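Peer 1:
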Amino acid sequence: MNNKKSSCRAITTMFLTAILIIQAILILYPIAFTVSASFIKDNSLSAVGTVPFSRPFSLVQYHRLFTETNYGHWYLNTLKVACMNTIISVFVCSFTGYIFSRFWFPFKKTVMASMLVLQMFPSFIGMIAIYVILWKLNALNTLWGLVLVYSAGSIPFNSWLMKGYFDTVSKDIAEAAYIDGATPFTAFVRVVIPTARPEIIFLALTSFTGPWMDYIFPRLILRSDEKKTLAVGLFELINGRSNDNFTMFAAGALLVAVPFIILFVKGQKSLLMSLAGTGGKE
């Protein structure tokens, strides 16, 4: 009987191990293929080969990327948009979420319900209205116009996100600060915000990564080459029949992942704490 159980357990372990190996291959092979493609001399993907890293190592595509295109400028533009969106979203949504969580005011439930309903509609439904508004504001082909679109569009969902987290934080923390003479603003900044640090870091990460590789709105708003973001610039490298820059595209795509790796390594602990819901319960 014990031998039969041991055999079943061994078969189950082997089956699960095989599934995990297959999943790892399916996930890692495209990454390895892209990395390999960025380090070959030829432009066509047909030169990469089925087996990654089977071709001679070369940095030609990275040299072409920075000398034949405005990749560095695209990268800087995207970094500016992502950082500004992060700052605005964290500042506005933290205050908005705290106000909805702690204070009462007329039409509070109506405003919250309206924000939730607006979030249900896809963003591209309002593209024409957004284009007209930016045109009236002289914000077309500007980075600040793109930041305005991203930050305004993220307010409903992120405000609900922060409200849900602040609802789990004990009110006794702020009330203790009130007893010591702190104003509501001081208590929020010095007491509540440090308590909500994991959720704020999560909000900052999502606000940074959201616009990083978005294509639709930058393509709609931006026109000149010096204003392009990474998504628009990289897509134009392979767009059209005459463009054969797939390996240079792979090099650019690989560099795109660098900020993501740094941010998620640095904020991994806070991200896990946020997902686990570590706010103080009442």
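The C-terminal residue of the sequence shown carries number 282 in the UniProt record's numbering, and the numbering is unbroken.
Idealized CB from N, CA, C, for every residue including glycine.
Predicted model only: the values in this text are computed from it and were never measured.
Could you tell me the boundaries of the alpha helix (DSSP H) in which tyrosine 75 lies?
Peer 2: The residue you call residue 75 lines up with position 75 of the sequence shown. Unbroken alpha helix (DSSP H) run through tyrosine 75: 71-102.
Peer 1: Given a cut-off of 8 Å on the beta-carbon distance, is the pair threonine 96 and serine 44 in contact?
Peer 2: As a first step, residue 96 is located in the sequence shown; it is residue number 96 there, counting from the start. As a first step, residue 44 is located in the sequence shown; it is residue number 44 there, counting from the start. Not closer than 8 Å, so no.
Peer 1: Just to confirm the assignment: which complete alpha helix (DSSP H) runs, minimum length 4, are found wholly within the segment 186-247?
Peer 2: 197-209, 216-221, 230-238
Peer 1: Just to confirm the assignment, what range does the alpha helix (DSSP H) spanning phenylalanine 166 have?
Peer 2: As a working mapping, residue 166 is identified with position 166 in the sequence shown. From DSSP, the alpha helix (DSSP H) with phenylalanine 166 extends over 143-168.
Peer 1: Less than 8 Å between the beta carbons of phenylalanine 208 and threonine 86, yes or no?
Peer 2: In the sequence shown, residue 208 corresponds to position 208, counting from 1. In the sequence shown, residue 86 corresponds to position 86, counting from 1. Taking 8 Å as the Cβ cut-off, phenylalanine 208 and threonine 86 qualify as a contacting pair.
Peer 1: Quick one: what does DSSP say proline 184 is sitting in, helix, strand or coil?
Peer 2: Counting from one through the sequence shown, the residue named residue 184 turns up at place 184. Of the three classes helix, strand and coil, the one that applies to proline 184 here is helix, per DSSP.
Peer 1: Would you identify the three-state DSSP class for lysine 41, choosing helix, strand or coil?
Peer 2: Sequence index remark: in the sequence shown, residue 41 carries index 41 (1-based). It is coil, neither helix nor strand.
Peer 1: Rounding to the nearest angstrom, what Cα-Cα distance links leucine 59 and isoleucine 31 in this structure?
Peer 2: Translated into the one-based positions of the sequence shown, residue 59 becomes position 59. Translated into the one-based positions of the sequence shown, residue 31 becomes position 31. So the alpha carbons of these two residues sit roughly 18 Å apart.
Peer 1: For phenylalanine 33, name the three-state secondary structure that DSSP assigns.
Peer 2: Here the question's residue 33 lines up with position 33 in the sequence shown. Of the three classes helix, strand and coil, the one that applies to phenylalanine 33 here is helix, per DSSP.
Peer 1: For the alpha helix (DSSP H) that proline 128 lies in, which residues bound it at each end?
Peer 2: As a first step, residue 128 must be located in the sequence shown, where it is residue number 128. Checking the displayed sequence, the identity of residue 128 turns out to be isoleucine instead of proline. Isoleucine 128 -> alpha helix (DSSP H) spans 127-136.
Peer 1: Would the beta-carbon of glycine 145 fall within 8 Å of that of isoleucine 221?
Peer 2: Stepping through the sequence shown from its first residue, residue 145 is reached at position 145. Stepping through the sequence shown from its first residue, residue 221 is reached at position 221. Against a cut-off of 8 Å, the Cβ pair of isoleucine 221 and glycine 145 comes out as a contact.
Peer 1: Do valine 81 and threonine 206 have their CB atoms nearer than 8 Å?
Peer 2: Within the sequence shown, residue 81 is the residue found at index 81, counting from 1. Within the sequence shown, residue 206 is the residue found at index 206, counting from 1. Cβ atoms of valine 81 and threonine 206: not closer than 8 Å.
Peer 1: Apart from the five residues on each side of it in sequence, which residues of its chain come closer than 7 Å, Cβ to Cβ, to aspartate 225?
Peer 2: Counting from one through the sequence shown, the residue named residue 225 turns up at place 225. Result list for aspartate 225: Asn70, in chain order.
Peer 1: Tell me the residue span of the alpha helix (DSSP H) that contains phenylalanine 66.
Peer 2: The residue given as residue 66 occupies position 66 in the sequence shown. It spans 60-67 - the alpha helix (DSSP H) in which phenylalanine 66 sits, taken as one unbroken run.
Peer 1: Which first and last residues belong to the alpha helix (DSSP H) in which threonine 110 is found?
Peer 2: The count along the sequence shown starts at 1 and reaches residue 110 at position 110. If you look at threonine 110, you'll find it in the alpha helix (DSSP H) that goes 108-120.
Peer 1: Does the distance from the CB of aspartate 214 to the CB of alanine 196 come in under 8 Å?
Peer 2: Locating residue 214 in the sequence shown gives position 214, counting from the first residue. Locating residue 196 in the sequence shown gives position 196, counting from the first residue. Against a cut-off of 8 Å, the Cβ pair of alanine 196 and aspartate 214 comes out as no contact.
Peer 1: Can you name, in chain order, every residue of its own chain whose Cβ lies under 6 Å from the Cβ of glutamate 282, other than the five neighbours on each side?
Peer 2: The sequence position of residue 282 within the sequence shown is 282, counting from 1. Because the pLDDT of glutamate 282 is 43, which lies under 50, any placement of that residue in the model is unreliable, and the number read from its coordinates should be weighed accordingly. These residues qualify, in order along the chain: Ser170.
Peer 1: Within 10 angstroms of its Cβ, does glutamate 199 collect 16 or more other Cβ (buried), or is it exposed?
Peer 2: Here residue 199 refers to the residue found at position 199 of the sequence shown. That one is buried.
Peer 1: Check whether the Cβ atoms of phenylalanine 57 and phenylalanine 33 lie closer than 8 Å to each other.
Peer 2: Counting from 1 along the sequence shown, the entry for residue 57 is found at position 57. Counting from 1 along the sequence shown, the entry for residue 33 is found at position 33. It is not a contact, given that the beta carbons lie outside the stated cut-off.
Peer 1: Between tyrosine 75 and the rest of its own chain, which residues show a CB-CB distance below 7 Å, the 5 nearest in sequence each way excluded?
Peer 2: Counting from one through the sequence shown, the residue named residue 75 turns up at place 75. If we look at tyrosine 75 and ignore the five residues flanking it on each side, its Cβ neighbours are Leu230.
Peer 1: According to the neighbour-count rule (16 or more other Cβ atoms, all chains shown, within 10 Å of its Cβ), is phenylalanine 103 buried or exposed?
Peer 2: Here the question's residue 103 lines up with position 103 in the sequence shown. Counting Cβ neighbours within 10 Å, phenylalanine 103 comes out exposed, since fewer than 16 surround it.
Peer 1: Once you ignore the five residues that flank threonine 50 on each side, which residues in its own chain have a CB closer than 6 Å to its CB?
Peer 2: Looking up residue 50 in the sequence shown gives position 50. Excluding sequence neighbours, threonine 50 sits near nothing in its chain.
Peer 1: So alanine 253 and tyrosine 62 are supposed to be a Cβ contact under 8 Å. How far apart are they, rounded?
Peer 2: Residue 253 sits at position 253 when you count from the first residue of the sequence shown. Residue 62 sits at position 62 when you count from the first residue of the sequence shown. Between tyrosine 62 and alanine 253 the Cβ distance is about 12 Å, and since that is not below 8 Å, they are no contact.
Peer 1: Take the Cβ of proline 156 as the centre, count every other Cβ of all protein chains shown within 10 Å, and call the residue buried at 16 or more, exposed below.
Peer 2: Here residue 156 is taken as the residue at index 156 of the sequence shown, counted from 1. Buried.
Peer 1: If you count every other CB in all the chains shown that lies within 10 Å of the CB of threonine 12, and 16 or more means buried, which is it?
Peer 2: As a working note, residue 12 is residue 12 in the sequence shown. Classification of threonine 12: exposed, given that the 10 Å Cβ count is below 16.
Peer 1: May I have the straight-line CA-CA distance separating alanine 113 from isoleucine 21, to the nearest angstrom?
Peer 2: Within the sequence shown, the letter at position 113 stands for residue 113. Within the sequence shown, the letter at position 21 stands for residue 21. Taking the straight line joining both Cα atoms gives about 46 Å.
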